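The working numbering puts the sequence shown at residues 15 to 236.
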Amino acid sequence: MLTRCALILVLALSPVLAAAQEYVTVPRRLSDEAFYRLVACAAPPGGECAKPQVRWPEDRRLSLSVSISFIAPNFPGYRLDLVDQAIDRAIAEINGSGAYLVLDRSYETDADIRIYLLDTPSGGVIDGTGNLQLDGEELAAGRVALRTIHGRIEEAAIAISRDIRRREIGSVVLEEMVQALGLATDILSPAYRDSIFNERSNAVVWLRGQDAEALRRHYPRF
């Protein structure tokens, strides 16, 4: 089984961090609406949401900044180059999805979506980033942490392990960035091998079909 991502939601007025449901198992392909509800709020087909829907506020959606905010001294240089390229490709995929969103690359450390390239091995515990939502959490290939208030995403942090496989970098970066937009639940099903939300694979590097449709539903154009 390939390593996957996890999500932490910091809920308004809550003093603790709650680990959100990471994936939902389904036997077959779903309708567009059922797929959207699964990835947006962990709702099983025909069921209720298992976690709240969260979104970036309207006044920030057309100017969301993305940056590499931290690079560990021992993070492999060739992986840094690949992550750097993957960020640009992921931004292009998201901006081209038709959702009411515009992401921009930033070279400041205080971006809306901050990416941390860590010396943490796969399966290790994140430490020393200074990000309260990341430090102390276990890291697979990648991890997303969101700070939310009343359903509004205030900031997002993405951690990438030094051990991430080079062939997985493009897919993991894209998935983590989509999760940072509020679509935070994966799907476990043989019918969704072509989805960025596939729990068992890090191979898809584009937003197509129901993946793009889910993002458009989450951020519809008016």
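No residue lacks a Cβ here, since even glycine has one placed at the ideal position from N, Cα and C.
These numbers were taken from a predicted model, which means no experiment stands behind them.
| Asked | Found |
| --- | --- |
| Taking the alpha carbon of glycine 165 as the point to measure from, which residue in Asp46, Trp70, Ala64 and Pro58 has its own alpha carbon closest? | Trp70 |
| Less than 9 Å between the C-beta atoms of valine 68 and leucine 52, yes or no? | no |
| From the DSSP secondary-structure annotation, give me the bridge partner or partners of alanine 171. | Arg128 and Ala159 |
| State yes or no: is the C-beta of leucine 229 within less than 9 Å of the C-beta of serine 111? | yes |
| Check whether the Cβ atoms of alanine 155 and arginine 128 lie closer than 9 Å to each other. | no |
| Between which two residues does the beta strand (DSSP E) holding tyrosine 121 run? | Neither: tyrosine 121 is in no beta strand (DSSP E) and is coded neither H nor E. |
| Would you mind reading off the limits of the alpha helix (DSSP H) that contains isoleucine 108? | 91-109 |
| Would you mind giving the Cβ-Cβ distance between valine 219 and arginine 103, rounded to the nearest angstrom? I have them listed as a contact below 8 Å. | 7 Å |
| CB glutamate 189 to CB isoleucine 167, shorter than 9 Å? | no |
| Identify the continuous alpha helix (DSSP H) that holds valine 192 and give its terminal residues. | 183-193 |
| Run the CB neighbour count on threonine 123, radius 10 Å, all protein chains shown included, and call it buried at 16 or more, exposed below. | exposed |
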